[in-house]
Every structure is written in structure tokens, then in C-alpha cells.
Amino acid sequence: MSGQEPVIVTEQLQKSYGEVEALKRVSLTVNRGEIFGLLGQNGAGKSTLIKILLGIVRKTEGSATLLGEPAGRSDVRRRVGYLPEDHQFPQYHTGASLLHFYGQLYGMSRDDRRRKIPEVLETVGIRKRMDSKLRTYSKGMKQRLGIAQAIFHDPDVIFLDEPTDGVDPVGRKELRELFEKLRDQGRTLFVNSHLLQEVELVCTRVAILQRGEIVRLGTVADLTRQEGRFVIGLAPGQELPADEVIRLGYRLEKAGAFWEVVVNDPTDIDRVLELVSARGLKLRHLVEKKQSLEDVFVRETDQNAPGTDERSRKQRGGR
Ligand SMILES: Nc1ncnc2c1ncn2[C@@H]1O[C@H](COP(=O)(O)OP(=O)(O)OP(=O)(O)O)[C@@H](O)[C@H]1O
């Protein structure tokens with residue numbers, strides 16, 4: 001059952017590596033049954049946040065709890081799954097032997113492992129290759145195996161760093177469906193991804209981290225809404241009375257068979273609709289315009305911001 005049961009909570013979380021302030025008073029709550037997306041440029045602090053929650057890195061100030069316990073406690077770690085970015089599993093393993101290895105680490109019995117290995121590999125779509133060596137796996141198959149490793153012990157919270165990296169579009173869709181299934185089972189997913197379209201499709205809420213601070217936090221629907229910008233379509237051959245709409249004080253633009261109307265307050269669209277009705281016109285299409293998550297991200301993250309990672313500046317052309 002999903003609801004308002006906090007699973008990940010950080011309050012005024014701060015982390016410094018010497019002079020570098022990687023996280024500055026980050027307060028965030030993720031509830032049970034959410035697929036939460038963490039976005040940010042290289043060096044924004046995403047990995048630091050995940051590593052503190054996993055108990056790999058120590059916080060400097062503030063608090064971080066996972067499943068109601070201070071982050072990093074060993075009993076909590078057993079209830080957490082983690083897919084690291086750029087994981088390198090030893091090539092001599094097969095898919096099955098790798099999961100035997102991780103299952104042992106998780107304290108699962110031999111019988112349990114034997115029963116669950118084919119099941120979980122079926123779930124991620126690589127069961128047929130369970131006895132092949134990893135050196136024969138494609139990048140997408142390795143990524144699916146990484147996800148199998150992260151969910152093998154039925155964790156309540158799953159951290160996924162770039163989960164669909166190297167997976168083809170059909171595979172990405174299958175993995176999205178898997179993530180939704182895990183969410184429907186009441187698990188909480190915390191996803192770190194550069195693939196903003198992916199995040200937009202699968203995440204319920206997202207946070208944009210910039211230079212250690214959360215600059216935007218909300219549902220994908222809220223972040224991508226363009227308040228007061230509507231697209232209107234009328235029955236074929238009908239024309240919106242542009243002069244009258246402009247006289248109401250709104251902006252109007254024709255876009256193909258549609259009109260884009262910009263009103264001051266979203267409820268003002270009712271006045272345009274009244275006009276449509278009063279002129280005997282037939283409304284066929286009305287939507288509030290959206291922007292992509294990528295647009296929001298690019299606007300929020302100043303590409304030349306000082307303090308972003310040297311590496312990311314180089315990737316952008318050495319500025
Ligand atoms: N062990 C460390 N010692 C010193 N500085 C560090 C260390 N780890 C991270 N940093 C710095 O902290 C800041 C945040 O880094 P972090 O790895 O958390 O960012 P990120 O958002 O995960 O980046 P990426 O998308 O490139 O993985 C960066 O300025 C980075 O250089």
C-alpha cells in the first residue's frame with residue numbers, strides 16, 4: 001500500500017569534503033511506494049547523497065534516516081538494494097553464480113537462492129542466459145543483471161544509479177514496467193539518471209540538485225506545467241475570433257490547426273471558452289501546455305555555474 005509513510009528522510013543534511021561543500025542543508029522526504037528521481041549536473045552532489053543514505057559516506061551535519069533508522073545501520077542495509085553506476089562484475093561469473101554470490105552476502109539460504117535465481121532473472125528478462133559467462137553479455141544484459149542483483153533479496157528501498165544505461169528502447173520500456181511493478185508492490189525506488197525522458201516517464205516526483213542544494217522539487221506534472229498556456233482546437237473549418245481574444249487581454253498565436261492562448265491566470269481560460277461557446281463554435285481540443293523535464297532542467301541548472309565539476313566543464317568544451 002502506498003501513502004504518506006516516509007521511507008527516506010533527510011533534514012538539513014550537509015556534507016563537506018574539506019573545502020568542497022558537496023551538500024548544503026538538503027531536506028527531502030521520499031514516501032513508501034514512490035519512484036523518486038534525483039537529477040543534477042555532474043558534481044551536483046547526487047552520489048554523495050546516495051552514499052550517505054547507504055552508509056558508505058559519513059554526513060558532516062544534519063540527519064539522514066532510512067526506513068525510520070539512522071542511515072547506514074547494518075540491519076537497515078539488508079532492506080536496501082543498490083545498483084551502482086558503472087558496476088563491473090567479475091567476468092568469470094555467470095548470471096546465476098553472481099546472484100549466488102550476492103545472495104550469500106545478503107544471508108539467503110542455498111535453497112532460497114536456487115529457487116529465486118531463475119525467478120529474478122526471468123523478471124529482468126535474461127533467464128535464458130543465466131549459465132553464460134558475463135563476458136558474453138551485452139551492455140544491456142549486464143545492466144539487467146545489475147538490477148536483478150539490486151532486487152534479489154526483496155528489498156524495501158531500491159537505489160538505482162543510471163538504471164537504463166546501455167539498454168535499448170524496448171528494454172527500457174520493459175524495465176520501466178518492472179519499476180512500476182516494484183512500486184505497486186509497495187517498494188520505494190530512488191532513481192538517479194541523466195536520461196530525463198526516462199525520468200519523466202517513470203518517476204512520480206523529482207528533485208533537481210544544483211551545487212549541493214535542491215533548487216526544484218515536485219511531481220513531474222507540476223514541474224512541467226506551463227501555467228496559463230493553453231492549446232485550443234476547434235471543429236474543422238472553424239476559426240477562433242482572434243481580435244476578441246486579444247481584446248480580453250490575452251496573447252494568441254496560431255500553430256497549425258490549433259491556437260496557443262496565454263492567459264494571465266489559469267482560470268482565465270474559462271473566459272475564452274465562454275467566448276467560444278457564445279460564438280457558436282465547437283471545442284474539440286483543450287490542453288494546458290507542458291514543457292519537457294529537460295527544458296525545466298536546462299533552465300534550472302545554469303550551464304556555466306561556478307562550482308560545477310571541473311570534469312563536466314571539460315565535457316562541455318573546456319570553459
Ligand atoms: N571523496 C571526495 N573527496 C573530495 N571531493 C569529493 C569527493 N567526492 C565527491 N567530491 C566532490 O563533491 C561534489 C559532489 O560530487 P558527487 O560525486 O556527489 O556529484 P554527482 O552529482 O554524483 O556527480 P556525477 O553526476 O558526476 O556522478 C563534487 O564537487 C565532487 O568533486
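FYI, the working numbering numbers position 100 of the sequence shown as 100, with every residue one higher than the one before it. Glycine included, each C-beta is placed from N, C-alpha and C at the ideal position.
Are the beta-carbon atoms of residue i and residue j separated by less than 8 Å?
| i | j | result |
| --- | --- | --- |
| G166 | G125 | no |
| T224 | L293 | yes |
| K24 | I52 | no |
| A150 | Y82 | yes |
| F152 | L99 | yes |
| E260 | K289 | yes |
| Q41 | T204 | no |
| A207 | L28 | yes |
| G146 | H194 | no |
| L54 | V26 | no |
| F36 | L189 | yes |
| L240 | I246 | no |
| K282 | A235 | yes |
| V263 | F230 | yes |
| R127 | L134 | no |
| R113 | G103 | yes |
| L217 | L38 | no |
Straight-line CA distance for residue i to residue j?
| i | j | result |
| --- | --- | --- |
| G228 | A242 | 17 Å |
| P84 | N192 | 10 Å |
| P306 | E34 | Model confidence at P306 stands at a pLDDT of 43, short of 50, so the residue's coordinates are unreliable and nothing is read from them. |
| N31 | L67 | 10 Å |
| Q12 | G45 | 14 Å |
| V215 | D111 | 48 Å |
| T94 | E19 | 43 Å |
| L196 | P90 | 30 Å |
| Q4 | D222 | 19 Å |
| K254 | E200 | 28 Å |
| L160 | D75 | 20 Å |
| G62 | S97 | 40 Å |
| T10 | K173 | 31 Å |
| R251 | G237 | 22 Å |
| I8 | A22 | 19 Å |
| D184 | R284 | 35 Å |
| P118 | A148 | 10 Å |
| E274 | D295 | 32 Å |
| M108 | Q226 | 49 Å |
| G72 | T60 | 14 Å |
| V272 | E69 | 53 Å |
| F101 | S132 | 16 Å |
| E177 | I56 | 30 Å |
Count the other CB atoms, across all protein chains shown, that sit within 10 Å of the CB of residue i; report buried if there are 16 or more and exposed otherwise.
| i | result |
| --- | --- |
| V287 | exposed |
| D270 | exposed |
| P155 | buried |
| E17 | A small correction: the amino acid at residue 17 is Tyr; Glu does not occupy that position in the sequence shown. Exposed, since its Cβ has fewer than 16 Cβ neighbours within 10 Å. |
| P163 | buried |
| I158 | buried |
| Q143 | buried |
| T267 | exposed |
| E198 | buried |
| G280 | exposed |
| R299 | exposed |
| R187 | buried |
| G249 | exposed |
| T308 | Caution is warranted here: a pLDDT of 46 is assigned to T308, below 50, making its placement in the model unreliable, and the coordinate value is therefore given only provisionally. That one is buried. |
Compare the Cα-Cα distances from residue i to each of the options and report the closest residue.
| i | options | result |
| --- | --- | --- |
| Y92 | M130, T204 and L281 | M130 |
| A64 | P6, I208 and A278 | P6 |
| R211 | T10, T48, V9 and R127 | T48 |
| D168 | A148, D184, G186 and S138 | S138 |
| R77 | R114, I50 and R115 | I50 |
| A278 | D295, E244, I117 and D265 | E244 |
| G171 | T123, V272, T136 and I56 | T123 |
| G43 | E213, P70, G72 and I56 | E213 |
Could you tell me whether any non-hydrogen atom of ligand 3 is closer than 7 Å to the CB of residue i?
| i | result |
| --- | --- |
| E5 | What this structure holds is ligand 1, not ligand 3. |
For ligand 1, list every residue whose C-beta falls under 6 Å from any of its heavy atoms, going in chain order. Result (chain order): Y17, V20, A22, G40, N42, G43, A44, G45, K46, S47, T48 and D309.
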